[in-house]
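Be aware that the sequence shown starts at 1307, since it is given in our numbering, and climbs by one per residue.
Yeah, the Cβ is synthetic: ideal placement off N, Cα and C, and Gly gets one too.
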Amino acid sequence: KRAEEELRDVNTRLSVLINAAPDMICFKDGKSRWLEANTTDLALFKLTNVDYRGKTDAELADFTDPIYRDAFLNCEKSDEAAWKKGTISRGEEIIPLPEGGHTTYDVIKAPIFDWDGSRKGLIVFGRDITEKKKAEQALYKRLSELEALRTIDRAITSSFDLRITLEILLKQAIHKLSVDAIAILLFDPDLQILKYTASQGFRTADIEAAELRPGQGFAGEIMLERHALHITDAQAIERDKMFTKGESFSAYYGIPLIAKGQMKGIMEIFHRAGISDDPDWANFIETLSNQTAIAIDNAQMFDTLQHKNLELALAYDATIEGWSRALELGKEESTGHAERIIELTIELAQALGLGKNELISIRQGVLLHDIGKMGVPDEILLKKGPLTKAERKIMQEHPQIAYDLLSKISYLKQALAIPHYHHEKWDGTGYPDGLRGQQIPLAARIFAIVDVWDALTNDRPYRQAWSQKKVIRYIREQRGKHFDPEITDSFLKLRSRESQGF
């Protein structure tokens, strides 16, 4: 009798402990019929006043709110899975709430078997992890947003092509914001209008015709007010026929794109169901709009810089060409010399595999190759007879004069090789420095052979032009002496192809 009392005391204490637990606890027999359940479990399924003992989940579904039916049936399935597994199983189960929404439980099921392997009982233990799941989802969402922003950052820093950057940005926005359509309208400060630039998610192309003035339409209003605009009136959106015809939009969110205090454009977001009122959503779209404004500003600055650099380069080139023409004034014998040798030098340089930037420097060098002759008196420069030793010495100073004139112009540093060294010779007998072989810059070695070809095949004040055959013979003789052997071979090959009509 005393043992029975002690057993009752133990059972009472155990019952109190189980019912005090915030977790769901249930004991079932070998046929998954409920034997005991704690108050948490009973309250969860609204079974507090129901005689639940001896009933299966499917049977209990008829004694409580119909919203629990699917949960009970799913519970039966997971019971059976635990029995078949034969060991402790674990999984998540979704329990609906009468007021809406649901709770998520982390459920552990431990099957108990008799000595003969038959099913004896099942212990079910469940812990509410709803808040944990929400925190995980919020964390995942935040990480996803950060990854989207990182992707956009990479697009901004790796490309100044605004079209590519906006395409990446809009894809991320559509995906992360869960909206149906998004558009970017850029502000043109000269015309004072907002113009369509990029979009995604629209069924029609009407948005592409968008050109709005300040105060016109939602975007024009945002431009004037310089703050976000949220419209949930479907009829108001429908009245804006330019964007909504055939689109069935019911919600609109527009935000200004401002960088360094300057209006860059408007980001417009459209939804066919409804736009989230979650503060995190609004915070993300604000961050996204800031990045968009930065991307636009960077691209516009880069574009402006490119235009300025192009204008500067064109101005430099015009100046160089002006200098080149000035060298030919009053010297009919050499008129057209620059154009001829530019064409030949570029052709030879391309045959030798030189790249675009090298060709630009070579062209500049060819134009300026004789600029040093500005320091040579005309009586020497235009003398019809042979030069004296003293005159030749003065003439041979023109490469150094060219260097002195051009070396302080940083833009022309890459072009200096030709004006300075085009009179050097492969065997070291040239001037001004007596360089030998590959000590001579490649551009100067290329130009040297072209310069001699043009000089010998055209009339000069002191002699008549040579025939091309005679010049080719001379160039062959000078291979390895005056000229680089490899460049000589390439040049003669080009001349041969030209003579054959290729």
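Pick out whichever of Gln1506, Pro1495, Pro1520 and Phe1555 has its Cα sitting closest to the Cα of Gln1606.
Pro1495
Can you round the beta-carbon distance between Arg1785 and Pro1791 to whole angstroms, since I take them to be within the 8 angstroms contact cut?
5 angstroms
Is Ala1599 near Leu1674, with beta carbons less than 9 angstroms apart?
no
Roughly how many angstroms separate the alpha carbons of Arg1359 and Phe1555, rounded to a whole number?
54 angstroms
Lys1679 by DSSP, collapsed to three states: which one?
helix
Within the same chain, show all residues whose beta-carbon is closer than 6 angstroms to that of Gly1740, passing over the 5 residues directly before and after it, in chain order.
Gly1734
So is Arg1276 buried or exposed if we call it buried at 16+ other beta carbons inside 10 Å?
Here the chain comprises residues numbered 1307 to 1808, so residue 1276 is not present and cannot be evaluated.
Span of the alpha helix (DSSP H) holding Ala1522?
In the sequence on display, residue 1522 carries Gln and not Ala. No alpha helix (DSSP H) contains Gln1522, which DSSP labels as neither H nor E.
Taking 8 angstroms as the limit between beta carbons, can you name the residues of its chain near Tyr1709, skipping five residues before and five after?
Gly1678, Leu1722, Pro1725 and His1726
In whole angstroms, give me the CA-to-CA distance for Leu1800 and Ile1752.
13 angstroms
Pairs of beta-carbons, one from the segment 1741-1748 and one from the segment 1688-1702, closer than 8 angstroms: are there three or more?
no
Could you check the C-alpha separation between Ile1435 and Thr1410 for me, to the nearest Å?
6 angstroms
6 angstroms Cβ shell around His1577 - same chain, five flanking residues per side excluded
Val1485, Asp1486 and Ala1557
In this structure, does DSSP put Val1430 in helix, strand or coil?
strand
So does the segment 1427-1446 actually touch the segment 1387-1403, counting three or more Cβ pairs closer than 8 angstroms?
yes
Excluding sequence positions up to five away, which residues of its chain have a Cβ less than 7 angstroms from the Cβ of Trp1772?
Leu1762 and Thr1763
In this structure, does DSSP put Gly1743 in helix, strand or coil?
helix
In three-state terms, what does DSSP make of Lys1566?
coil
Please report the distance separating the alpha-carbon of Asn1663 from that of Phe1789.
24 angstroms
Grab me the residues of Gln1443's own chain with a C-beta within less than 8 angstroms of its C-beta, minus the 5 sequence neighbours each way, in chain order.
none
Nearest to Arg1646 by CA position, among Asp1422, Lys1438, Leu1379 and Asp1760, is which residue?
Asp1760
Three or more C-beta pairs below 8 angstroms linking the segment 1556-1575 and the segment 1524-1534:
yes
Does DSSP put Trp1421 in a helix, in a strand, or in coil?
coil
Taking C-beta to C-beta, are Gln1506 and Ile1470 nearer than 9 angstroms?
no
Please classify Trp1340 as buried or exposed, where buried requires at least 16 neighbouring CB atoms within 10 angstroms.
buried
Looking only at its chain, what residues have a beta carbon closer than 6 angstroms to the beta carbon of Arg1396, apart from the 5 residues adjacent to it on each side?
Ile1414
Mind checking whether Pro1562 and Ile1575 have CB atoms under 9 angstroms apart?
no
Below 9 angstroms between beta carbons: does that hold for Leu1445 and Gly1336?
no
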